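Sequential numbering of the sequence shown, starting at 107, is according to the numbering used here. Reading through the structure tokens given below for one structure.
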Amino acid sequence: MAVRCADRTDWKFQNQSQLQLGLAYYDYRNIEGQPQPLVGLSTDWTVPDYMQKGNSVFDLSGTGNPPYGLVADYNILNFTARYDLVRFAPTHVILSADYARNIGFDAAEILARTGLDVEERADAYQVGVTVGWPEIAKRRDWQVFSFYRHVERDAVLDAFTDSDFHLGGTDARLDCGGSYGLADNTWLTMKYMTADEIHGNYLTDAVGSGVPLGIDVLQLDINAKF
């Protein structure tokens with residue numbers, strides 16, 4: 107179960123430039139894994155229905171074998187900012203920033219519940235710039251963009267992250283690309299995403315995780331809007 111609260115404020119300036127600020131809070135309930143007692147009911151119900159990769163997990167039985175549950179709780183505070191500069195109209199320069207922190211990560215609570223001393227890595231951010239048309243709607247409209255993303259392993263739930271960037275999950279960090287209007291309401295987008303694992307699984311931190319998992323993706327899309 108998740109509870110979401112969000113708010114957004116927009117400011118428009120005399121030159122038609124626009125600043126948008128947003129704040130959101132996501133509270134996930136009953137999401138952390140619960141260790142299996144020696145005697146008692148199974149805690150398999152705390153195993154996530156779906157995961158990608160990145161979040162810290164532990165084996166519920168303490169034997170080193172599945173099933174696995176999430177180490178941390180997830181209460182995520184998310185701040186976003188977007189500034190659309192139209193001084194060079196019709197070309198726009200759009201600056202954006204996004205910061206998220208999992209304030210539900212509690213190392214002391216995790217140690218008491220699981221017996222694991224897990225280092226806190228609960229921050230994520232993205233900064234980017236887009237130059238061109240804010241939307242591709244007509245033939246020959248264009249835009250280019252570049253973003254840098256840093257997502258630590260327990261900043262957000264890996265189940266809900268972008269499945270293209272690092273082929274999903276957390277614990278990864280650049281994508282760039284552009285779009286071009288082929289016809290009215292039809293455009294081509296090319297994007298290149300390169301991401302390397304930041305820390306690796308917490309179980310391998312002490313001994314070293316070897317070569318970080320790096321995934322490069324080249325994506326070509328043709329989009330049409332009716």
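Positions of the beta carbon are idealized from the N, C-alpha and C atoms, including for glycine. This structure is a prediction, so every number in the text was calculated from the model and none was measured.
For GLY221, there are no CB contacts under 6 Å within the same chain when 5 residues up- and downstream are skipped.
The residue among GLN120, VAL145, SER202 and ILE182 with its C-alpha nearest the C-alpha of PHE251 is SER202. As summarised for the stretch 129–216, the continuous beta strand (DSSP E) elements at least 3 residues long and confined to that stretch are 163–165, 174–176, 181–191 and 198–208, given in chain order.
Per DSSP, the beta-bridge partners of LEU324 are TYR298. It is roughly 6 Å from the alpha-carbon of GLY128 to the alpha-carbon of ALA187. Counted as a single uninterrupted DSSP element, the stretch harbouring ASP290 is not any beta strand (DSSP E), since DSSP gives it neither H nor E. Contact between the stretch 159–172 and the stretch 182–201 is not established, with fewer than three Cβ pairs separated by less than 8 Å. The residue among ASP155, GLY275, ASP270 and SER269 with its C-alpha nearest the C-alpha of LEU263 is GLY275. When the Cα atoms are used, ASN329 and ILE242 turn out to be separated by approximately 10 Å. Around the beta-carbon of ARG259, 16 or more other beta-carbon atoms lie within 10 Å, marking it buried. Around the beta-carbon of VAL109, fewer than 16 other beta-carbon atoms lie within 10 Å, marking it exposed.
Taken through DSSP and simplified to helix, strand or coil, ARG219 comes out as helix. Per DSSP, the unbroken beta strand (DSSP E) holding VAL250 starts and ends at 248–257. Its chain contains ARG245 as the residues whose beta carbon lies nearer than 7 Å to that of ALA289, once the 5 sequence neighbours on both sides are disregarded; these appear in chain order. In the three-state reduction of the DSSP assignment, LEU127 falls in the strand class, which pools E and B. THR115 has LEU127 as its beta-bridge partners, per DSSP. Classified as buried, GLU138 has 16 or more neighbouring CB atoms from the shown chains inside 10 Å of its CB. Under the criterion of beta carbons closer than 8 Å, VAL199 and VAL237 qualify as touching, at roughly 5 Å. By the criterion of at least three beta-carbon pairs nearer than 8 Å, the stretch 170–180 is not in contact with the stretch 114–124.
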